[in-house]
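Peer 1: What follows is a structure written as structure tokens; I'll ask about it next.
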Amino acid sequence: MRNDHVTLRSTAVFDLLAPQTPAVPVQVELRYDTRDPYAVVAAFRTGRAGWVEWVFARDLLADGLIAHAGEGDVTIRPAVDAPEVVAIELSSPSGHAVFEASAQELADFLDRTYDVVVPGNENLWVDVDEALTRLLPHDLG
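Numbering follows this note's numbering, with no gaps: position 80 of the sequence shown is 88.
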């Protein structure tokens, strides 16, 4: 396991799409932390004080830049009519949202994560003992 952890942050504006309404720009912070090297966090600004965070696989983001990727809560795919745009669809019991984002901005962020943790080397950054400590009850007796 590596001890020189890094957190990458990038801000972007995604367009929230809704039927028969103009797209609404939403501020998004993308984060990648080597403490969770398989995941990317997208934090969506919901108002003056609020953020909603979605965590999904870094591989899902990479795959979604090229073709439809994901099943369930998060899907990512190139836009049908605009290859420079990526559609990100989020579903939960409390709602459903579709965003469009710049494929280039997402690819640039992804490239920065690859500079820190090369794909296939994520396991070198995982502290299994620490992860088990968080998952298991502290009092086993």
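We put the beta carbon where it would ideally sit given N, CA and C, even for glycine.
1. Return the chain-ordered ranges of every beta strand (DSSP E) run that is complete within the segment 71–107 and spans a minimum of 3 residues.
2. In terms of DSSP beta bridges, what is Asp23 paired with?
3. In the DSSP assignment, find the beta strand (DSSP E) that holds Val134 and state where it starts and stops.
4. Using a Cβ-Cβ cutoff of less than 8 Å, which residues in the same chain neighbour Glu92 once the five nearest sequence positions on both sides are dropped?
5. In chain order, what residues of the same chain have a beta carbon less than 6 Å from the beta carbon of Val49, not counting five sequence neighbours either side?
6. Which value, in whole angstroms, describes the spacing of the CA atoms of Leu98 and Phe52?
7. Hey, would you say Ala70 sits closer than 9 Å to Ala47, going by beta carbons?
8. Name, in chain order, the residues that DSSP records as bridge partners for Ala57.
9. Closest by CA to Asp67, which one among Thr121, Val136 and Thr141?
10. Suppose you measure from the CA of Asp41 to the CA of Val32; what does that come to, to the nearest Å?
Peer 2: In brief:
1. 82–86 and 93–100
2. In the sequence shown, residue 23 corresponds to position 15, counting from 1. Answer is Pro33 and Glu108, bridged to Asp23.
3. Position 126 of the sequence shown, counting from 1, holds the residue named residue 134. Unbroken run through Val134: none, as it is neither H nor E.
4. Taking the sequence shown and counting its residues from 1, the one referred to as residue 92 is at position 84. Result list for Glu92: Ser110, Ala111 and Gln112, in chain order.
5. By 1-based counting over the sequence shown, the position of residue 49 is 41. These residues qualify, in order along the chain: Arg39, Glu61 and Val63.
6. The residue given as residue 98 occupies position 90 in the sequence shown. The residue given as residue 52 occupies position 44 in the sequence shown. The alpha-carbon atoms of Leu98 and Phe52 are separated by roughly 11 Å.
7. As a position in the sequence shown, residue 70 is number 62, starting the count at 1. As a position in the sequence shown, residue 47 is number 39, starting the count at 1. Their beta carbons are not under 9 Å apart, which means Ala70 does not touch Ala47 by this criterion.
8. In the sequence shown, counting from the first residue as 1, residue 57 sits at position 49. Ala57 is not bridged to any residue.
9. By 1-based counting over the sequence shown, the position of residue 67 is 59. When each option's Cα is compared against that of Asp67, the closest is Thr121.
10. Walking along the sequence shown from the start, residue 41 turns up at place 33. Walking along the sequence shown from the start, residue 32 turns up at place 24. Whole-angstrom Cα-Cα distance: 28 Å.
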